[in-house]
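Going line by line, the protein sequences match chains G and L.
Sequential numbering of the first sequence, starting at 1, is according to our numbering.
Sequential numbering of the second sequence, starting at 1001, is according to our numbering.
Protein chains: 2
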Amino acid sequence: MASFSISPSSRIRQTACHEKVVALGVKGFTVYNHMLLPTYFESVEADYDHLVKYVQLWDVSCERQVKITGPDALRLVEYMTPRDISKCKLGQCMYAPLVDENGGIVNDPIILKITEDEYWLSIADSDVLLWAKGLAHGLGLNVEITEPEIYPLAVQGPLSNDLMASVFGDWVYDLKFFYYKEFELEGMKFIIARSGWSKQGGFEIYLNGKEDANRVWDIIWEAGKVHNIRPGCPNLVERIESGLLSYGNDMTLMNNPFEVNLGKYCQLDKAADYISRKALKAVEANGVTQHMQYMILENEEGIRVQPNSDPLAVTQNGVQVGSVRSSAYSIKYQASLAFTIIDAKADLSGNFEVVDQAGTHFKGIISNEKWEMPA
Amino acid sequence: MASFSISPSSRIRQTACHEKVVALGVKGFTVYNHMLLPTYFESVEADYDHLVKYVQLWDVSCERQVKITGPDALRLVEYMTPRDISKCKLGQCMYAPLVDENGGIVNDPIILKITEDEYWLSIADSDVLLWAKGLAHGLGLNVEITEPEIYPLAVQGPLSNDLMASVFGDWVYDLKFFYYKEFELEGMKFIIARSGWSKQGGFEIYLNGKEDANRVWDIIWEAGKVHNIRPGCPNLVERIESGLLSYGNDMTLMNNPFEVNLGKYCQLDKAADYISRKALKAVEANGVTQHMQYMILENEEGIRVQPNSDPLAVTQNGVQVGSVRSSAYSIKYQASLAFTIIDAKADLSGNFEVVDQAGTHFKGIISNEKWEMPA
Chain G
1 MASFSISPSS RIRQTACHEK VVALGVKGFT VYNHMLLPTY FESVEADYDH
51 LVKYVQLWDV SCERQVKITG PDALRLVEYM TPRDISKCKL GQCMYAPLVD
101 ENGGIVNDPI ILKITEDEYW LSIADSDVLL WAKGLAHGLG LNVEITEPEI
151 YPLAVQGPLS NDLMASVFGD WVYDLKFFYY KEFELEGMKF IIARSGWSKQ
201 GGFEIYLNGK EDANRVWDII WEAGKVHNIR PGCPNLVERI ESGLLSYGND
251 MTLMNNPFEV NLGKYCQLDK AADYISRKAL KAVEANGVTQ HMQYMILENE
301 EGIRVQPNSD PLAVTQNGVQ VGSVRSSAYS IKYQASLAFT IIDAKADLSG
351 NFEVVDQAGT HFKGIISNEK WEMPA
Chain L
1001 MASFSISPSS RIRQTACHEK VVALGVKGFT VYNHMLLPTY FESVEADYDH
1051 LVKYVQLWDV SCERQVKITG PDALRLVEYM TPRDISKCKL GQCMYAPLVD
1101 ENGGIVNDPI ILKITEDEYW LSIADSDVLL WAKGLAHGLG LNVEITEPEI
1151 YPLAVQGPLS NDLMASVFGD WVYDLKFFYY KEFELEGMKF IIARSGWSKQ
1201 GGFEIYLNGK EDANRVWDII WEAGKVHNIR PGCPNLVERI ESGLLSYGND
1251 MTLMNNPFEV NLGKYCQLDK AADYISRKAL KAVEANGVTQ HMQYMILENE
1301 EGIRVQPNSD PLAVTQNGVQ VGSVRSSAYS IKYQASLAFT IIDAKADLSG
1351 NFEVVDQAGT HFKGIISNEK WEMPA
């Protein structure tokens, strides 16, 4: 797709630090949870190069929180996911697919256990608030469900530990992956988690209100100068190289978790009642009809694949057997990479063909090297 | 907000006729129901000028349908809205706010009654699919809820009657406002409704699948040449002049229908059970604490208001009393117009002040001339 401008409207909300990222030269946006999300500053490639070497500050306000409180909070959270949330400790975060009655993925949030009767779902791009509210009302659960004024910032990159320690103290070195701590600074109270949508190491900071987000941005920015800090955002190349799935791109309500390598987050025999048990048990018993595959796309003239909008067809021997969900040229692997969903009957050892929107033909080969998965 | 590019991804779906609107020179997009929606072609002003004189063809695929079928279909639809849907006839469309248990607006679709046990909700920008599915599951209703492969096109403008009649027959002249008819053309079956998101007159055509949408686009385009047809899209200036509210801009889950002039769509004593009865009865009894006002914004140097992103503060005597939800310079009224939501205690006869994102100061005056409402 060529470049088109995005028109302003209140419906597409600005992030907490919108003015800062604009002043710092953001060039592209996407829309995520009805909010702007920066997509690149200098270029996706230059941003990538910096991200894997130094440290970046990301305004990820669009990671909206669905806050569930009340005596039935755990019951509702458990009901929405096949993952066993009863094992989640205070201070812990759990990545968990939310799955509907047909086995379809509704979202794939990180769940934060705040107290025994308060959970935050840090969501991907779909209105989980409405899904949770609908279920809770229909089931008569005693919960309150809101989207609080929480605006996350992310600090990502190999120098993130040193930067965060310089601002918040050496305890951050010991913070375990997917655990968080509550912290107080200059009268502001917020949560710091070791997490984030890259594999370069880093943290997510859940700020209360736009003002706090801007104050903490300034503090981190100032301290980051010695670490060559830059503004950043989730990076398409880095996340594909790292095997990080994106809801809406790589999986939708039409996919079940087993199809997209999320089976390990499904404890189908967990004690708590959950909506997708019957559907997922059937998938487990019958096997999947399609599955995610990591594909390398080759072109004889060396043309690189572009990021795709609508899914591109994947064919084998002239027959469509799947689609490309996300694609990018990998700097690390010096190859065009794609997340694809392929018919389970297709011959994975054979060749595939993809034609991108520019009409360029690629030969597709399934990669055995599994890009890693989130934890 | 300055102009920024929107980055491609499968998550932001392309419309049925995306390639056509690109070839025809679309310049801006927004994202609506996780799908691209054109925002202008030549310019918002030039598009407006053409729309009010001739006829335009709009690719509004982003008007996604939530299809509810089954013995409990009417029961679920009734449950979601305070409007009395029992009165809806076969072949009729009804504009209806969907309202939650707190009285907050979830969406404001047009509801189409297809059969006695099939309704389509032609939705604004929020995941009504998840809301409806959550409620139905929790309440144990016997319904199936899907997003079918329906891709609407709109034909809008004063010449739309003649154009549509030339393609589909003279019966379209007699089609009543907010009624539809099923039609068959060259083996394609689809629905034609007299409706659309402008006040210039027109139709919405609900096509089955992207291929049919492209075929019908071509047929209408060819027939429209004698009527000076152009590609178009919902026009910010026209819709504000016409008093057409936009969900997410002018109202959100934080607003009840009475606050935003949608009281006439609330039959609080309707026979069917509905989720918002208690909350809306309380609003009716206690009155609203804020209400939508149409405001004219004046600037001494004659500077025109720009479309706003995040809501701008409206102050009176230095105190914030509300916010601007949508704004544009009206060509018809030669004035800067804004939809605002104002504290019910504010003095509507007094002056207000608005400072836009460029820092321009405007004096705000409530307009007594009510721009019309949808039917």
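Ideal Cβ positions, reconstructed from N, Cα and C, are used throughout, including at glycine.
Between residue i and chain G, is the shortest Cβ-Cβ distance under 7 Å, so that the two count as touching?
i, result
"P1374 of chain L", "Note that P1374 of chain L scores 40 on pLDDT, short of 50, meaning its location in the model is unreliable and no value can be drawn from it."
"V1155 of chain L", "no"
"R1304 of chain L", "no"
"G1359 of chain L", "no"
"N1249 of chain L", "yes"
"E1101 of chain L", "yes"
How should residue i be labelled, buried or exposed, when 16 other C-beta atoms within 10 angstroms of its C-beta is the threshold for buried?
i, result
"P311 of chain G", "buried"
"K1345 of chain L", "exposed"
"Y1173 of chain L", "exposed"
"K1278 of chain L", "exposed"
"M254 of chain G", "exposed"
"M1 of chain G", "Because the pLDDT of M1 of chain G is 46, which lies under 50, any placement of that residue in the model is unreliable, and the number read from its coordinates should be weighed accordingly. It counts as buried."
"K1133 of chain L", "buried"
"A1193 of chain L", "buried"
"P1148 of chain L", "exposed"
"S160 of chain G", "buried"
"V1021 of chain L", "buried"
"K1067 of chain L", "buried"
"D269 of chain G", "exposed"
"Q65 of chain G", "buried"
"D170 of chain G", "exposed"
"V319 of chain G", "exposed"
"S3 of chain G", "exposed"
"A1375 of chain L", "In this predicted model, A1375 of chain L has a pLDDT of only 39, less than 50, meaning its place in the structure is not dependable enough to derive any value."
"V226 of chain G", "exposed"
How would you list, in chain order, the residues of chain G whose beta-carbon sits under 8 Å from the beta-carbon of residue i?
i, result
"V1026 of chain L", "F4"
"T1039 of chain L", "S7"
Quickly, what does DSSP pair residue i with across the bridge? List them, please.
i, result
"S323 of chain G", "G:A313 and G:I341"
"D59 of chain G", "G:L153"
"V1099 of chain L", "L:I1105"
"M94 of chain G", "G:I111"
"Y1179 of chain L", "L:Q1092"
"I1191 of chain L", "L:E1182 and L:Y1206"
"M35 of chain G", "G:R13 and G:Y32"
"F1004 of chain L", "G:I6"
"F1362 of chain L", "L:V1354"
"E1144 of chain L", "L:T1069"
Pull up the CB-CB distance for residue i and residue j, whole angstroms please, since I reckon it's below 8 Å.
i, j, result
"G91 of chain G", "Y206 of chain G", "Contact flag wrong, Cβ pair sits at about 13 Å."
"I275 of chain G", "E42 of chain G", "Not confirmed; about 44 Å, so no contact."
"P378 of chain G", "I105 of chain G", "The structure shown does not extend to residue 378 of chain G, since chain G spans only 1 to 375, so no value can be given for it."
"D1127 of chain L", "T1069 of chain L", "No, D1127 of chain L and T1069 of chain L are not in contact; Cβ-Cβ is about 19 Å, not under 8 Å."
"E167 of chain G", "A223 of chain G", "Just to set this straight, residue 167 of chain G is Val in the shown sequence, not Glu. Going by Cβ atoms, the distance from V167 of chain G to A223 of chain G rounds to 5 Å, so yes, they are a contact pair."
"F339 of chain G", "N299 of chain G", "No, F339 of chain G and N299 of chain G are not in contact; Cβ-Cβ is about 18 Å, not under 8 Å."
"V1305 of chain L", "S1326 of chain L", "Actually they do not touch by this definition, with Cβ atoms about 10 Å apart."
"Y247 of chain G", "R83 of chain G", "15 Å between Cβ atoms; not a contact."
"M1094 of chain L", "I1114 of chain L", "So it is not a contact: roughly 13 Å between Cβ atoms."
"L1348 of chain L", "Q1293 of chain L", "7 Å"
For a contact defined as C-beta to C-beta under 8 Å, what are the partners of residue i on chain L?
i, result
"S330 of chain G", "By Cβ distance, chain L contributes nothing, its closest Cβ being about 17 Å from S330 of chain G, past 8 Å."
"L51 of chain G", "What L51 of chain G touches in chain L: nothing, since even the nearest Cβ is about 16 Å away."
"L130 of chain G", "V1106, S1126, D1127, V1128, L1130, W1131 and G1134"
Under 7 Å Cβ-Cβ, which residues of chain G neighbour residue i?
i, result
"I1275 of chain L", "H137"
"R1325 of chain L", "S10"
Establish whether the CB of residue i and some CB of chain L are separated by less than 7 Å.
i, result
"N256 of chain G", "no"
"P8 of chain G", "yes"
"W197 of chain G", "no"
"G350 of chain G", "no"
"R11 of chain G", "yes"
"V31 of chain G", "yes"
"W217 of chain G", "no"
Determine whether the Cβ of residue i lies closer than 7 Å to any Cβ atom of chain C.
i, result
"R1239 of chain L", "In the displayed structure, chain C is absent; the protein chains listed are G and L."
In chain L, which residues lie less than 9 Å from residue i when you measure between Cβ atoms?
i, result
"T81 of chain G", "Neighbours of T81 of chain G on chain L: none; closest Cβ ~14 Å, over 9 Å."
"S367 of chain G", "Near S367 of chain G there are no residues of chain L at all, since even the closest Cβ is about 20 Å away, more than 9 Å."
Using the beta-carbon of each residue, which ones in chain L are nearer than 7 Å to residue i?
i, result
"N376 of chain G", "Outside the displayed range of chain G (1 to 375) lies residue 376 of chain G, so it cannot be described from this structure."
Taking residue i as the query, report the chain G residues whose CB atoms sit under 9 Å from its CB, ordered along the chain.
i, result
"H1291 of chain L", "Ordered by position in chain G, no residue passes the 9 Å Cβ test against H1291 of chain L, which lies about 17 Å from the chain."
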